[in-house]
Every structure is written in C-alpha cells, then in structure tokens.
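Encoded as structure tokens, the structure appears first; notes follow it.
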Amino acid sequence: MSARMTAPPAPGTPEDASTTLQVPAPAVTVAVLAIDGVDIGPALEAVARQAYGPVAVVAVGRARDVPAGVERVGHLPDLLSQLGPEREYLWIVHGDARPRPDALRALVAELERNDAAVAGSKILVEGSVDVLESIGSATDAFGEPFTGLDEDEVDLEQYDVVREVAFVPATSVLIRRDVYKGLAGLDPDMAPTSAGLDLSQRVRLTGGRVIVVPSSEVFHRQDCGHDPDSWRERAGRMRAMLKAYRPVSLIWVAPLAVLADLIDGLGSLLVGRGRTLVDLFKAWGWNLYHLPSLIGDRRSLRRVRAVGDEELFRFQVGGAIRLRRLGGELGERLARAFDQESSDSLAGRVRAIGHRPAIFTSIAALVVLAFATRALWTGHFPAAGMTLPLASTPGDVLFAYSGGWNPAGLGSPQAMPSTVGALSAIQWLLFGKGGFSAIAVTLTALAAALFGFAGLARKLELGLAGGYAAGVAYTLGSALAAVAGAGHWQVLLAAGALPWAVRACLSELGKGRPAIGRVALAGLTCGLVVVFLPAAAVAIVVLVIGLVLAGQASWRAVGRAFAGVGLGLLLLGPSVLGGRASLSLDLGVMPSRLQWWWYVVVIAASLGAILLPEKGCRRVGEAGGLLALSGALVAEIVTVPAVADAALLVAAFGTGLLVTALLAPNSGRAWLRVAAASGAWLVVAGAIPALVGGRAGLPPDAWSDRLDFVATLSSAPGTERTLVIGMETELPGTSRQVFDFEYRLVTGSPPTLDEAQLPEAAAGDGALEDALRVLAEAGDLRPGAALAPFAVRWVVVLDSVTALDEGLARQVDLAPRPVDPTMRVYENTAFLPRGQAGEEVSWGWDGRGYSGDPVSGEVRLAENSDGGWGPEAAVDDWAMTVSGSEGEARYSGGGLGRALAVGSGVWLVAMAGLAIWGRRR
Amino acid sequence: MKGWLMAVAIVTLGIAGPLVAAAPTGEAPEVPVITEPSFLVCTGAEAGGGFTSHVAVASAEAGGVTATAIGTGSSETVAINSAGGADIDVDRLAELGVTPLLMELPTDQAGAATVTRSGTADATSSCAGAPGESQVLAGASSQSGEDLTLIVANPFAPEARVQVAASGELGEEVVAELEEVVVPPSTAISLPVGRILPARESLSIRIDPLAGRVAAALRQVAATDAAVWEGRTGSQEWFIPLPVIDGAGASIALAAAAPIGFEYTVEPAGQAGQGEMLTEGSVAAGGQAIIPASALGASTKGVVISATEPVVADLMLSGPDARAVTPGASRSALRWLVPGAGPDEATSVRLWVLTVDDQLANITVTPLAPGYAPRAYQPDPRGLTMLQVAEGPSQGVIVDGDAEIVVVWTSQRGASVALATATPLEE
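Just so you know, the sequences run in chain order A and B. Residue numbers 0 to 920, in numbering that gives the first Met the number 0, belong to the letters of the first sequence in order. Residue numbers 0 to 426, in numbering that gives the first Met the number 0, belong to the letters of the second sequence in order.
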C-alpha cells in the first residue's frame, strides 16, 4: 500500500491497464469542474488515463480555466441537454482531483453491482501520507456533514467496504444519467458540498441508493479552496433540509435547527469567531430570498418522492454536529486557559485535564458561583439597601453625576458617588438596559473576583487549584457576605477588581514600554476598586504590604500600590476631586458582624498555617490569617460603613490567602497536609450561607415593586416624593434618624441607585426632620400640611415603626391607602408639587431640572436652595423660587464637576490604552 | 517572625474581634414624648333644620382657631385675642344635619361648647377630645316620646371602627348592628339608638374603639326639651355639683368604662364631708347605677364619687319639661373655662361652683371679652355656690377660685334647661 501513498500515479503509467471489462461498458460522460485559477490539465490527464473505455470528457467552467481543445460547457445544468440516452452515467470530477486510473471503473462496477443511483470515491489528500479526506459522509438532522474521520486520519484500508452513506462529496461522484436528469441535476443555487448533499438526499427520497466505493480512490489537491463552513454552504445545507423533509419532520427539525444555529452563533462568540453569527444571519436571509424557488423544488420532489424521511434519518447521526464541535472547541479553549503550559495537542491537553486538579476546582468553583448567583441569572436583581436598580435614563444620571444637580433627598449640589457614575456609564454603553447592566456587572465582578484570586494564587506560585478554592472563600465567604448582606452591592464590584489590582501592584515594572503599561494597569485596576469603594484605596495598600511582608514582593510593590491608588483615584472625578466632593462613606447600615465560628475557624486555620513546612506557603498563610483577623477587628471597631466594608474586604482577601496557602503544600507530612487542607476547606465552607438565596449574599428583594402604586396613582410624574419610614436595615439606600426610626425621601418607583446615597443634610433636611419630630410626638393634626412643602405626596411607614402610631392615628390629612399589606401607606391630601407654579400649574423634575408650562410669576422648587439654579433663583425659606417665564429651571453650578467627569473618562481610556500598549511586544 | 509570636498575634487578634463585637455600642435612641395636640371635637353640633348650633370657643391664650366641619371639610378660622373667645355659627360650615366640628385650638388652655337650640329646647354640651379609649355616655333614656340618637364622629384621616354596647335596666344588651360600626375618615354617623333599643327607661352607651379614634355624643330629644352630651373616658373619681333647678330634679348615672362590675361610694364634696358616706353600691358587669340626688339628702350640694374601676358619672337634670345631661368632672381645678356661658334676653345663665377645698374664700368670674371687669364672689358655705351671669359676652367666662373647685353651668329658657360642665385649666 505504501507504494501508492505519497502521490497519484505518474502520467503514462496506468495501473492494471491490462484489465478490461468483458461486457460492453456503459458510456460515461465525465464532467471535470474547472476551478477558478486552478489548472485542470492534470485532472483531464488523469481522466484520460482511466482504465475505462467509453468516456466523453466535458470541462465545466469558464473558457479561461479550460485548456483549448477540450469540450466545455459553462455550467453543469447546461450539460443536462447533452446527456443523451447513449450516455448512461455522469461522472463529476473536481478540477483539482486526480482519480486513479481504475477509479471510474470501480465506481461503475460497484454502482451497478449494488444497484445504486449515486456512487462516490474515497478521497485522499494529495501530497499527504494517505490522509483521508472523505469516505462518504453521514449528516445530522440539520444536514451538517459528519465524516467520522479523525483529524489527519491515515487510510489503512479500515473503511474499505462499499456501503451506503448519506451523501458523497462532489469531488468524484458517479450518478446515473436518468436519475440526474429526472432530478434536474445539481441545484444551481447551492454551494458544491451542499449541492452534493441535496442531490444525494433527493436521490435517496426517490428510492435510489447512495454508496461510497473505497476502491475508487481519488487524490484531492484541495486547490479549490472550498470552505465547507462558508455561509453559502450553511445556507445550502439549510435549503437541502428544507427541501427534503416532509412538513411533519420540518415541524420539529426547523425550530431545532434555528435553536442550534443560535447556540452555535452565540457560542462561537466565546471562542472569538464572530463570523459564525453573521454567517448565520446571512444564511437565513439567503434562504428567505430563495424561498420561491425552494417551494418549487419541494413540489418537484413531491412528485417523484418514493420513500419517507425515515430513509434520510437512517444515515444521520444524533445531536447537532456543530454544537458538538463548538463544545469541543470551548473545552479546548478552557483547557488551554487553565494551563497554558500543557501540551499544545488536544490529546495532550485532554490527558492533562485528568491530572490537574485545577481544572476540577475551577469547574467546581464556577458551579458554586453559578449556584450562588442563580437568582440573578433569572433576571431578578434585588432592590434592598444600597443594592438598588439603575435608573432608566443613564444619560440623565451621567448628566447629574458630571456636575449636575444631585436629586437625592431634597437635592444637593454635592457630587454623586462615583459608583453611580461608573454604573451609569456602563448602563449607557449597554444601551440603557438597567436590569441587564446591573446583573451583568455583578456577575462579571464575581467571576473576576474568582478568577482574579486564582490568578493571584498562580502568581504567588501557590497553585491554581487552591487559588480557585480561595477565590470562592474570598468571593462568597463570610467577610464579603457580611458586606453583601448589608446591601452594599458596590463593594462586591470593588471586590471583583481587587485581586487584579493587588496582582498588578505586585508585578515588577521592568523598563520602558512594559513599565508604562504595568503602571497604567495598576492605576486602572486600582481605579476600578476605588471607583466602587473609595475607602478600599487603603485596603489595596494594606494588602500589598501584607504580601510584601510575606515575602511575595519587594518593597517597591508598596510604591507601585501607592502609585496605582493615586492614579486610580483620579478616576473618581467629580465625586472626590470637585469642590463639593462626597467620599461615599455612608453606605447605610453597617455590615453585619462576623460570627464567632468564623473567628474560631480562621484562628485554627491560621495556627495551622504556622506549621506549614514550606516557607512560602507558611508566610502567605500567616499573612492571610493576620490580614483576615485584623480586617475583622477593624470592621468591628469602626462605625463608618464604608471603612468597615474596606476592612472586611481585607478580611475576605486574607481568608483567601489563607486558603491558598493551606491548599498549596506539596511536601511535608501527610497528616499535616490533610489537616491544612481540612482547615482550608472549613474556611471555604464559610461560603455556604451565601449560597442560600442565590443572590451571592445580597439581601432579598424589598423594593422592586413595593412602590409601584406611586407610578400607578401618580397624576404628574416628577412632581412628587415619597417619604419612607422604617428601620435603617429596611430602607432603600441611606437614611436619617429621628427618635428610634429612620426615614428618607425617594422619588423613583422603585427607588434607584442614583438616589441611594443621601447627600449631606442641608436646611431643607433639617426642616423635614422637624416636621417628623412633630409627627412622632403627635403634636400636629395636620402632618400632611407640614410635609407638603417637601412635595411629599406619599408616606410609607413600615410595620416595624410604632413610634408614629399615635401621630398617624390622630391626624386629618394623611389618608391611609390600602395598597400593600406589609406597610402602611398614606396619601398626603395637602400635597404640593415639587415645582409649584401656582394653584393650577405644577412643574416636574425631568431628569436634568424642572420644566412645565411657562408662568408669569415665580415657581417654588422644593429643593434645598442653591445659587446655581436659574433663572432668577431666590431663597424661599430652605427652598427656592425661580422665574417661571422660561418654562424650565436648570442648575448650572457644576461646571468643574463636568470637566472632572469628562477628565476621569478620558483618564480611564488612557490608562486602558496604555495598559494594552504596554503589553504588546 | 517566630512561630510562637505569630501564634500569639493571631490568637490575640482573633479574640479581640468578638470581644469588641460584644461590647455595647451607642446610646439608646431618643424616644418621642407624645403630646396632645390642641383640638376638640364638638360632636353635638348641628346645622340648619330643627336644630341650630353655634360653637363658643374660649381660650386663655391668644391664637387662631380653625373649625372644620367633619363631613363637608368646610372650615373657618377665627382669631382669639388674649384670654378671649369667639362664636362659630355651624350654619356657615354646613347646610343641614348633624355636623360635628373639629376645633383646632392654639393652646390646650382652651375650651369649646356647643349651644344648640330648637324652638323651646336648649342644649349645651362641652366639646371633647377623640380618645382612643372606651367612652361612656350614661343617663340616657329611650322611653316613648324620647328620640335618642348616638353621634359618632371620626375627625381623622384613618378609618375608625367601634363597638357600641348598651346597658339599661335589662342589663347589657347585645345588638348585632352595633357590634362593629365603621366610621369612615372625616365622617360622622348617627345611630338611632332609641329605635334600636326602644322603651328603655335608662340607658348607658359604651363605645369601645376597635380601630382609630372617635368622639361621641348622645342627643336626646323630648317633647319640650333636648339634651346633648358628650362621651367621656373612665375615671375612678368624679366630682358632681348638684344644681337646684325648679322643675328639674338631679340624679347621677354611673356606668363602667369596661364590661366589668364595680363598687362605688358617694361622699359629700369638700373636706368637711370626708369620711361621711352618703351611699354606696355595687354594679354588675354591663350594669349601671342611677342615684337620685334626693336619695343623698337635701343638704347635699355636690358629691365625690369613688369607684373601684374606671367609670363615668353623668349628671342628669330632668323634669316634666326639662331634660339635660352632662358628664361630671373627673378632677377639680383652680381655674375653669366656661365657654358659651353668656346670657341673652331670654336665657338665664348660672354658674354652679362646687367647693372641693374648704379653704375656698374667693371666686372670681371674668367675662371673655374686653370691657368686662372680673367680679369676685364669696363662696356659699354650704358647698355649692350659684352665680347668676347677668351680663357678659356669649363666648363665656373664666371662673377662678383660690382653692380647688368644680364648675358646671346651666342655662334656662322657659322650661328648657341646658347643662354643661366647664373646662378645667392647668395651673
């Protein structure tokens, strides 16, 4: 066999030339398909050398591709008219194919012997060591070819048996003339492979058999460059399917095909092959365009159909071949991502997977993370505490963030928190989809935290497997769960970037371009941390110092941490650098205290880390334990929520380091390693409570739809506020205290993130507090009138508050409205709008200011007075009036804020650009 | 770092955290001190038709008074100068029917009374608060010829629900339609108790709030006279002056403010009479006691009633052509505001000042209008001083004693008698 392997037979040396047929051989027309730019001369020569007599050779293609003197037709359909009854068979051969001399003879012989209608050759790759290209194909239900061959599989005659197949490629195919003419030949609209499939299927449906003849060997140079994955082929396969199946089959095949296409298209994005999705749409569009001809072809086929679709199913494989291929590709990418050092061959990587616990722990970590966030995947993002939905108009929020009026509470010129700016920008980039943005950002942050920590563990040379477990302990462990449980959503987002920031700060700078890139990367990652939690700037430095003390980096890393934090802080823009800055330290309720068992477990695990034999692991473990316990202690001591959050971030990070260190040892006594691993897994088990709700520890939803009545009953949106009264832990966003209850104003339904954090109290806030004091003391029969200047139309009192019972029972202008059994809702019958322009006219908040019908007089705005408003703003007690002549009032006092916001955006892009630029070599 | 040092550091930090967490934090939050807003409900006010009321409001301090008709929401604000009064005509706030008024007062040193007239009938009743506790209206009757109506007013925004219980000579009576009466926000309802429970010689009505707060009054209309009186919450001590009116005998009705039995004693008012028990008795749950003044002795001018449970004691004046009821006073005071106690040509107004403290030496009556001089009187040594208000504004007077007193006032127009207890002021 080796004698024939490397190349087709040389011209002029026909093999077995002495063998001739003993009976008159049927006449065959050979159609050699010319290929653009490919010399078909060798193909013609090979055809001429066939040990089969009665042949007529016709080249199909453009004149310039066909040698002079050869009979030529422009297209295959043109050949139909030339196929007279004297020609029994048509042999179609690609112009870049080299049939062995006995190829045609074998085809004819086997076709007749098997009473088949179509026969195809075994196709070998020319120039290879007998690598098989095709031995006939099966398909799946959607027409996707399945050769069954491994990559570069060598022909060892293992498939050398004549058999029926779903279809044979058109590289070398023999077909009975009557069948070909009866079926009107190949579909001229379809690409070659799919055209072959289509013809084979139609042949089979008319009762014909399609066989592959391995003894007919054809070498294929593959100069045709035909891409079987092109969109035309995909469209052709779709058309073949739509043409062949009966309606009853199409009912289930067609939707499944669409679904498989979509999964394939979207999944291909994950492997960076965006073309698939585009091809998909092109293929669908093409089929829609050719729908009329498809209907005609189906009618034609119906007239000659002899068997049902079962005959097609017999030669099909189960499942969707494209999805299998995609799955394999994704798995390969995943394996490569897990360990770039493993063998480049797929087989090697597959073997490596079995020997690398990192793969399993990473998959397990992902499963745990997916389970911990299962409620978010369903699209339900909780609204509670500082975890509030994004406003529906990110443009307006960005406007307010960048030097506009902060509408939270009774309004303020104070800058909004940087979290609001960042999330609104992301939402804006995601086409304003608030719910999707919040969920996407949260899931991305959690995944980033997990993978970031694992990457950090690898950088610290403590093993990837432990790194993923540590990532779970960090992301879902008790420390961050305490933060998340308090509704401090933004801290989770900061936690996502923190491992990357620490990792960036630990990296040596090098010189020149890489140094610039790494500094920029440190600034960028630190910036992503501090944007969501400014107080975490200290946490970054502390963590880097901890790792330096653990011997994981030089002291220069601390300098890099300071530099990174410094550069990152510039991203805070107006929220910190403006004249009316807000450090966002008040995040409402304090994070919950860590349980005693957390201390026990961490102390035990930390003491275990001291015993670790390997110095690197030991020092990281000790540092982790100290950081965890120090962070927890600071969180217990401080009374500022954001600082406590930052301390708990440190604690969470410390537990992660501890787990990494405990799972890392590869030497030492077995019992010690088992004990260390047990301690590590105990720490990891601290993540179990975070799994309960499926919200990654975030509190259950409290406000998504509870204020829906406001929107339902509101007569003029933007003109009213809702006063929500309850305990601090129950209220959306931050709140203020009077007596033993808390309160705050909200405008949204539901309340949104942009108003979550109340700005510093101003005169109006003091007046509101006074009004509530009177209400609590039951000293006013008309609390509604007292609340009217604040544009409070609705008063919502949660059941936990009893201090107001007396006052609310003994008043005349807060009418109870039974809209929600879980809270008491009162409508203020003395309500005055936010923009009061007279008895009949009211102005409403339009996202960027106030607007309404122009009036001749003044309009009172129920906002804390500020000179930045206009036109003609004047102080009216704690509120203000503006001229009503223009029909709108705008705030223009935040010019610096706008410049800073733009500057921070530019700075973000610049740092990202420099980080990318610095990575390129 | 040495291993043992590290261990010490870890354990120290680990123990410090929970210890800090366990430490008490912060101060207890401030607790609101509930204050009573200055308001009264004049439940017995009526507009138009057969009865017409005006509300006399008096205040020891200056300020604005807003009267809001419960039901219509119409309101009127009048200004009161220092230690003065004002009249509010109910007809200006409503067209017809029972129209309780919510009176928002500038101070708790103020009072108001409803003066209602119809033909020959006069009735006065003090305006009262709308407590969240049970109220009792004793001394009623639904005998033939007497029209008895219970008026329940909810001046507030939340809905109120009350249970109305009646007890009479037949004991406590359960009436299904009175078991849960809904009084919508800012609304008053009239319950025809006389038709629901007809032919009762004596009736006491107890109103137990199930939700919200209400003010209640009874209106009893006889052929020639009418009485309107307000409900009061229970007290274990009551001061009852016993005015002597021609053609109308006095009696006291006692009923508990809860469905429980009680014992009571009746003693003469004043320290001289302390320890001298005029009568005593016990009342079963759901029952009531009627004590005629004649049974207390002709020399008894006023009594102090003590009960083992919170009760309400109402003073009744009744005769062939006269009918008047008012709750007694649950405390004595040095200063009493008597809104509405102003005479006119056809009406004789008298103040009845009960001496509670025998040290009483002087009584001063000050009309609530500029231009009138205070008048000083010597107290009657028998314990009850009758002062005829010969002149003064319709808004009323202030009565001061140099020792503790209790004041009721009566007005007579023809045979008709009206009776009301004055409003004690804080010292």
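By construction, the Cβ of each residue, glycine as well, lies at the ideal position given by its N, Cα and C atoms.
Let me know the secondary structure DSSP gives residue i once reduced to three states.
i       : result
D585(A) : coil
Y467(A) : helix
G353(A) : Low confidence applies here, because G353(A) scores a pLDDT of 48, under 50, leaving its location unreliable; read the following figure in that light. Note: G353(A) maps to helix in three-state DSSP.
E344(B) : coil
A6(A)   : A caution first: A6(A) carries a pLDDT of 47, below 50, which makes its placement in the model too unreliable to give a value.
A552(A) : coil
P423(B) : strand
G516(A) : helix
F398(A) : helix
M102(B) : strand
T51(B)  : strand
G495(A) : helix
M5(B)   : helix
A116(A) : coil
Y158(A) : coil
M879(A) : strand
L185(A) : coil
Residue i touches chain B at which residues, Cβ-Cβ below 8 angstroms?
i       : result
Q736(A) : P28
I425(A) : Here the premise fails: no neighbours, minimum Cβ distance about 36 angstroms.
In whole angstroms, what is the alpha-carbon distance linking residue i and residue j?
i       : j       : result
D15(A)  : W283(A) : Bear in mind that a pLDDT of 44 at D15(A), under 50, signals an unreliable position, so the model cannot answer this.
P144(A) : V130(A) : 18 angstroms
R205(B) : A802(A) : 28 angstroms
L497(A) : G235(A) : 50 angstroms
A651(A) : A535(A) : 13 angstroms
S89(B)  : T113(B) : Per the sequence shown, residue 89(B) should be read as Val rather than Ser. Distance between the alpha carbons of V89(B) and T113(B): 10 angstroms.
G484(A) : P698(A) : 5 angstroms
A464(A) : F141(A) : 40 angstroms
A785(A) : G410(A) : 19 angstroms
L20(A)  : L241(A) : Residue placement at L20(A) is flagged as unreliable, the pLDDT there being 44, under the threshold of 50; the coordinate-derived value follows with that caveat. Going by the C-alpha atoms only, they are around 42 angstroms apart.
G678(A) : L661(A) : 7 angstroms
I404(B) : A306(B) : 20 angstroms
L100(B) : Y849(A) : 40 angstroms
G60(A)  : L293(A) : 25 angstroms
A252(B) : R781(A) : 37 angstroms
F38(B)  : G110(B) : 9 angstroms
At 9 angstroms on the CB atoms, spell out the chain A contacts of residue i, in chain order.
i       : result
G193(B) : By Cβ distance, chain A contributes nothing, its closest Cβ being about 31 angstroms from G193(B), past 9 angstroms.
L101(B) : L780 and V811
Can you give the beta carbon distance from residue i to residue j, rounded, assuming they're within the 8 angstroms contact cut?
i       : j       : result
G433(A) : L389(A) : 4 angstroms
A165(A) : T138(A) : 5 angstroms
T354(B) : P326(B) : Actually they are not in contact, since the Cβ atoms of T354(B) and P326(B) sit about 20 angstroms apart, beyond 8 angstroms.
Under 9 angstroms Cβ-Cβ, which residues of chain B neighbour residue i?
i       : result
E150(A) : The premise fails here: E150(A) is roughly 55 angstroms from chain B at the closest Cβ pair, so nothing lies under 9 angstroms.
Q551(A) : Within 9 angstroms Cβ-Cβ: nothing; Q551(A) doesn't reach chain B, min ~15 angstroms.
Name, please, each residue of chain B whose Cβ falls closer than 7 angstroms to the Cβ of residue i.
i       : result
L523(A) : Within chain B, no residue comes near L523(A); the closest Cβ sits about 33 angstroms away, beyond 7 angstroms.
Y598(A) : G13, G16 and P17
L606(A) : A6 and I9
D263(A) : Within 7 angstroms Cβ-Cβ: nothing; D263(A) doesn't reach chain B, min ~53 angstroms.
Please list the partners that residue i has in chain A, where partner means a Cβ-to-Cβ separation under 8 angstroms.
i       : result
T34(B)  : E776, A777 and G778
E158(B) : P815
Are the C-beta of residue i and some C-beta of chain E separated by less than 7 angstroms?
i     : result
G2(B) : Absent from the structure is chain E; the protein chains it does hold are A and B.
What residues of chain A sit near residue i, judged by a beta carbon separation below 7 angstroms?
i      : result
A20(B) : R592 and E635
Problem set entry | Those runs of the alpha helix (DSSP H) which lie wholly inside the region 355-381 of chain A and span at least 4 residues | Qualifying alpha helix (DSSP H) stretches, in chain order: 356-371 and 373-376.
Problem set entry | Unbroken stretches of the beta strand (DSSP E), 3 residues or longer, contained in the region 263-288 of chain B | Entirely contained in the region 263-288 of chain B, the beta strand (DSSP E) runs reaching 3 residues are, in chain order, 278-282.
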